[in-house]
Amino acid sequence: MTGLYLGLSLLLLATIVLGLVRILRGPTAADRMLAAQLFGTTTVAILLLLGQATSNQALWDVALVFALLTAIAAIAFVRRDLEPEQNKKEDGDVSA
Amino acid sequence: MTLLFGHLIDLLLAVSLTVLAWRLLATSDLFKATVLFIAFGLLMALAWVRLDAPDLALAEAVIGAGITGVLLLTALRHLDSGARVARMSGRSGRRSLRVLLPALGIMPALLVLLCLSSPHIRSTAGLTASVIERLDQIGTDHPVTAVLLDFRAYDTLLETAVLLLAVVAVWSLHPVRPIFSPEPISPAQRGLLRLLLPVLIMTSLYLLWRGSHAPGGAFQAGALLAAGLLLLLLSEQRLPGRWSGMFLRLLLAGGFMIFLLVAAGALVGTGTLLDYPGGGASWLLLSIEAALSLSIAALLATAVIGGRPSDRSTEFPPRRKDPAGEEG
Amino acid sequence: MFLRDATTCLLLLAAASFFLAGLVGLLRFPDVFCRLHALTKADNLGLGLVCIALIIQADSWHGAVRLLLTWFLVLVSGATIAHLIARKALQQGQTPWRNR
Chain H
63 MTGLYLGLSL
73 LLLATIVLGL
83 VRILRGPTAA
93 DRMLAAQLFG
103 TTTVAILLLL
113 GQATSNQALW
123 DVALVFALLT
133 AIAAIAFVRR
143 DLEPEQNKKE
153 DGDVSA
Chain E
185 MTLLFGHLID
195 LLLAVSLTVL
205 AWRLLATSDL
215 FKATVLFIAF
225 GLLMALAWVR
235 LDAPDLALAE
245 AVIGAGITGV
255 LLLTALRHLD
265 SGARVARMSG
275 RSGRRSLRVL
285 LPALGIMPAL
295 LVLLCLSSPH
305 IRSTAGLTAS
315 VIERLDQIGT
325 DHPVTAVLLD
335 FRAYDTLLET
345 AVLLLAVVAV
355 WSLHPVRPIF
365 SPEPISPAQR
375 GLLRLLLPVL
385 IMTSLYLLWR
395 GSHAPGGAFQ
405 AGALLAAGLL
415 LLLLSEQRLP
425 GRWSGMFLRL
435 LLAGGFMIFL
445 LVAAGALVGT
455 GTLLDYPGGG
465 ASWLLLSIEA
475 ALSLSIAALL
485 ATAVIGGRPS
495 DRSTEFPPRR
505 KDPAGEEG
Chain G
4 MFLRDATTCL
14 LLLAAASFFL
24 AGLVGLLRFP
34 DVFCRLHALT
44 KADNLGLGLV
54 CIALIIQADS
64 WHGAVRLLLT
74 WFLVLVSGAT
84 IAHLIARKAL
94 QQGQTPWRNR
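Line by line, the protein sequences are chains H, E and G.
Heads up, the numbering used here is the position in the first sequence plus 62, with the first residue counted as 1.
Heads up, the numbering used here is the position in the second sequence plus 184, with the first residue counted as 1.
Heads up, the numbering used here is the position in the third sequence plus 3, with the first residue counted as 1.
In structure tokens:
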């Protein structure tokens with residue numbers, strides 16, 4: 063069983079490494095961000111499997127923390143401010 | 185078979201971390217570099233897990249992949265679109281960089297391999313045994329927490345001071361500016377906030393409590409709470425102006441001050457700095473950790489906001505100015 | 004015991020296939036909106052099957068609850084993030100791919 067867990071972890075790690083291509087290539091910013099999001103989910107799976115393989119339940123806590131955090135960077139990407147020059151104008155010429 | 189898979193995982197991690205770091209440094213688009221950095225943080229956390237250090241993996245996950253990712257993404261806005269593409273020194277510069285960086289990366293790796301294969305290093309046992317045999321004198325069961333808060337507490341005290349100084353440095357640069365785009369938030373994001381925020385707070389408390397006997401502790405709990413604060417900021421919640429004065433400053437400095445008070449109290453009591461009374465009762469360590477967590481959360485969130493609060497009447501961080509008129 | 008182990012193996016192999024499908028989708032689909040589909044399949048089904056397989060093998064109920072909580076959080080945040088990224092991409096003027 064442990065071999066299966068580790069083997070699947072290896073496969074998922076290879077998935078992450080191959081998915082890096084999308085970050086490197088992906089034409090738009092959204093492509094890159096969604097690849098990072100996918101990595102977060104795959105890392106949760108890897109951590110769960112490694113935790114089971116080494117009987118280390120602390121890794122399941124790390125997986126929970128990862129699951130909580132994958133959202134934060136993606137939300138920061140969605141909410142980021144692309145036109146900072148506009149709020150330097152004092153008469154408030156801002157278009158939403 | 186198990187051993188083979190384990191080694192293959194380690195090999196794949198090592199190679200991909202190195203290649204990722206190289207591509208990250210060699211790219212000219214700063215946004216791409218930021219996303220690569222987030223991916224790097226994720227893989228680094230996996231590397232810590234493989235090295236049998238879950239505490240470090242937790243800290244790397246929260247800070248490297250989470251908070252630093254948000255910090256870099258919001259910092260990109262300060263650059264105008266021209267500066268968002270890093271300038272290389274021309275085609276020849278880029279080509280030599282492509283050869284130089286991997287070559288520089290291989291040398292330390294070879295050095296480490298050389299050291300690891302020497303019989304002298306293989307025979308030393310490290311400090312694990314001596315920490316574990318002194319654990320019953322401290323109010324905690326977890327060796328990492330014992331080292332961080334008792335055996336090497338001086339380091340932790342000064343590290344908290346470093347965080348505080350970092351925020352002071354950030355504040356001395358310029359007053360706070362509006363950070364996120366003024367578009368209205370999707371209701372889906374509001375719903376996600378309502379679900380994630382309580383779970384984040386509870387997990388932070390859980391990590392703080394677990395720090396006494398399992399991987400966890402003040403820094404990880406504080407960083408997770410900072411992630412919760414960032415989520416609030418990203419959903420257009422702001423600190424009311426009257427709290428951005430003395431209250432905010434007390435919150436930022438509080439953890440360090442309490443830790444310093446305990447250390448000084450021990451100095452007065454037993455003549456040695458940080459010699460906890462009674463060998464460090466667990467309640468004392470837990471309360472120091474709780475204060476540290478709150479302060480670390482406030483410090484990290486304030487560092488991401490990135491400017492000093494201007495006065496007591498505006499929110500922190502401020503809203504975008506309304507084109508129709510001034511906001512109070 | 005053999006039945007339990009066999010079920011876990013089957014579930015893990017199925018999970019591997021969903022993660023691979025997610026990777027192929029990420030790399031080969033023509034458009035950011037299509038790639039978001041790949042993301043959510045790996046989240047829901049890939050991670051879900053891994054969690055179910057580990058729950059079957061779990062020793063205590065509280066480990067099983069932690070697994071379920073992790074999966075639920077990934078589900079909810081993954082779905083919301085997919086929606087938000089798609090919304091952002093639409094606002095920035097990307098149009099969905101059409102097969103011409």
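Built from N, CA and C at the ideal position, the CB exists for glycine as well.
Verify whether the separation of the beta carbon atoms of residue i and residue j is less than 8 angstroms.
i, j, result
"LEU50(G)", "THR103(H)", "yes"
"LEU257(E)", "ALA138(H)", "yes"
"TYR366(E)", "ARG496(E)", "Correcting the residue type first, residue 366(E) is Pro in the shown sequence and not Tyr. Result no, Cβ atoms of PRO366(E) and ARG496(E) do not sit closer than 8 angstroms."
"LEU436(E)", "LEU348(E)", "yes"
"ALA17(G)", "LEU70(G)", "no"
"VAL106(H)", "ALA125(H)", "yes"
"VAL219(E)", "ILE85(H)", "yes"
"VAL354(E)", "ALA330(E)", "no"
"ALA115(H)", "LEU74(H)", "no"
"LEU121(H)", "VAL328(E)", "no"
"LEU197(E)", "LEU230(E)", "yes"
"LEU131(H)", "SER71(H)", "no"
"ALA85(G)", "LEU42(G)", "yes"
"THR324(E)", "PHE443(E)", "no"
"ILE489(E)", "ILE363(E)", "yes"
"LEU204(E)", "PHE189(E)", "no"
"ALA411(E)", "LEU379(E)", "no"
"GLN97(G)", "THR64(H)", "no"
"ILE88(G)", "ALA129(H)", "no"
"ARG142(H)", "LYS216(E)", "no"
"GLY438(E)", "ILE480(E)", "no"
"LEU423(E)", "LEU432(E)", "yes"
"HIS358(E)", "GLY453(E)", "no"
"ARG90(G)", "SER370(E)", "yes"
"CYS54(G)", "THR83(G)", "no"
"LEU333(E)", "ILE247(E)", "no"
"HIS326(E)", "ALA405(E)", "no"
"ASP8(G)", "PRO99(G)", "no"
"ALA92(H)", "ALA19(G)", "no"
"THR1(G)", "ALA56(G)", "Because chain G is modelled from 4 through 103, residue 1(G) falls outside the range shown and cannot be assessed."
Among the options, which residue has its Cα nearest to the Cα of residue i?
i, options, result
"LEU14(G)", "LEU66(H), ALA115(H), ALA92(H) and MET95(H)", "LEU66(H)"
"PHE500(E)", "TRP427(E), LEU391(E), ALA474(E) and ASP194(E)", "TRP427(E)"
"PHE5(G)", "ALA18(G), PHE32(G), ILE59(G) and GLN97(G)", "ILE59(G)"
"PRO368(E)", "TYR390(E), LEU413(E), GLU420(E) and LEU376(E)", "GLU420(E)"
"TRP467(E)", "PHE224(E), ILE489(E), VAL351(E) and SER396(E)", "SER396(E)"
"SER477(E)", "ALA411(E), ALA407(E), ALA345(E) and HIS326(E)", "ALA407(E)"
"SER200(E)", "PHE221(E), LEU255(E), THR486(E) and ARG433(E)", "PHE221(E)"
"THR340(E)", "ASP320(E), PHE403(E), LEU295(E) and ARG318(E)", "PHE403(E)"
"GLY312(E)", "ASP236(E), SER302(E) and LEU376(E)", "It is worth fixing the name first, because residue 312(E) is Thr in this sequence and not Gly. For the residues ASP236(E), SER302(E) and LEU376(E), the minimum Cα distance to THR312(E) belongs to ASP236(E)."
"ILE78(H)", "GLY88(H), SER117(H) and ALA97(H)", "ALA97(H)"
"ALA45(G)", "GLY81(G), PHE36(G), PRO33(G) and VAL35(G)", "GLY81(G)"
"ARG182(E)", "LEU470(E), LEU209(E) and LEU342(E)", "Only positions 185 to 512 of chain E appear in the structure, and residue 182(E) is not among them; the question remains open."
"ALA487(E)", "LEU240(E), LEU214(E), ASP239(E) and ILE251(E)", "ILE251(E)"
"ALA259(E)", "LEU445(E), LEU389(E), SER388(E) and VAL360(E)", "VAL360(E)"
"VAL346(E)", "MET441(E), PRO292(E) and MET185(E)", "MET441(E)"
"MET228(E)", "ALA249(E), ALA474(E) and LEU192(E)", "ALA249(E)"
"VAL140(H)", "GLN95(G), VAL68(G) and VAL77(G)", "GLN95(G)"
Pull up the CB-CB distance for residue i and residue j, whole angstroms please, since I reckon it's below 8 angstroms.
i, j, result
"GLY400(E)", "LEU414(E)", "GLY400(E) to LEU414(E), Cβ: 20 angstroms. No contact."
"LEU109(H)", "GLY81(H)", "So it is not a contact: roughly 17 angstroms between Cβ atoms."
"THR456(E)", "ALA448(E)", "In fact, because the Cβ distance is near 11 angstroms, the residues do not count as touching under 8 angstroms."
"GLY425(E)", "THR498(E)", "5 angstroms"
"LEU409(E)", "SER388(E)", "4 angstroms"
"LEU226(E)", "VAL79(G)", "The pair is not a contact, with the Cβ atoms about 20 angstroms apart (cut-off 8 angstroms)."
"PHE21(G)", "LEU48(G)", "5 angstroms"
"VAL83(H)", "ALA245(E)", "Between ALA245(E) and VAL83(H) the Cβ distance is about 23 angstroms, and since that is not below 8 angstroms, they are no contact."
Using the beta-carbon of each residue, which ones in chain C are nearer than 9 angstroms to residue i?
i, result
"PRO303(E)", "Looking for chain C here will not work: the only protein chains present are H, E and G."
**OP:** Pick out the complete alpha helix (DSSP H) segments inside the stretch 333–372 of chain E, 4 residues or longer, and give them in chain order.
**Re:** 337–355
**OP:** Output, in sequence order along the chain, the residues in the stretch 231–256 of chain E whose CB is closer than 7 angstroms to any CB in chain H.
**Re:** Residues of the stretch 231–256 of chain E with a C-beta less than 7 angstroms from any C-beta of chain H: VAL233, PRO238, ALA241, LEU242, ALA245, VAL246, ALA249, GLY250, GLY253 and VAL254, listed in chain order.
**OP:** Write down every uninterrupted run of the alpha helix (DSSP H) in the stretch 378–454 of chain E whose length is 4 residues or greater and which is fully enclosed by it, in chain order.
**Re:** 402–418 and 430–454
Original post:
At a Cβ cut of 7 angstroms, what residues of the stretch 93–115 of chain H count as close to chain E, listed as they run along the chain?
Top reply: Those would be ARG94, MET95, ALA98, PHE101, GLY102, THR105, ILE108, LEU109 and LEU112, in chain order.
Original post:
What are the residues of the stretch 57–68 of chain G that lie near chain H, defined by any Cβ-Cβ distance shorter than 8 angstroms?
Top reply: Within the stretch 57–68 of chain G, the qualifying residues are LEU57, GLN60 and GLY66.
Subject >> Cβ-based contacts, 9 angstroms cut-off: residues of the stretch 367–382 of chain E near chain G >> reply: Of all residues in the stretch 367–382 of chain E, only GLU367, SER370, ALA372, GLN373, GLY375, LEU376, LEU379 and LEU380 come within less than 9 angstroms of chain G when Cβ atoms are compared, listed by chain position.
Original post:
Which residues, in order along the stretch 133–144 of chain H, keep a beta-carbon less than 8 angstroms from a beta-carbon of chain G?
Top reply: ALA133, ALA136, ILE137, PHE139 and VAL140
Original post:
Taking a cut of 8 angstroms between CB atoms, which residues from the stretch 19–47 of chain G lie near chain H?
Top reply: Those would be ALA19, PHE22, LEU23, GLY25, LEU26, LEU29, LEU30, VAL35, ARG38, LEU39, ALA41, LEU42, ALA45 and ASP46, in chain order.
**OP:** May I have a chain-ordered list of the alpha helix (DSSP H) segments no shorter than 4 residues that lie completely inside the stretch 79–117 of chain H?
**Re:** Correct list: 91–115.
Subject >> Residues of the stretch 68–79 of chain G with Cβ closer than 7 angstroms to any Cβ of chain E, in chain order >> reply: LEU76 and VAL79
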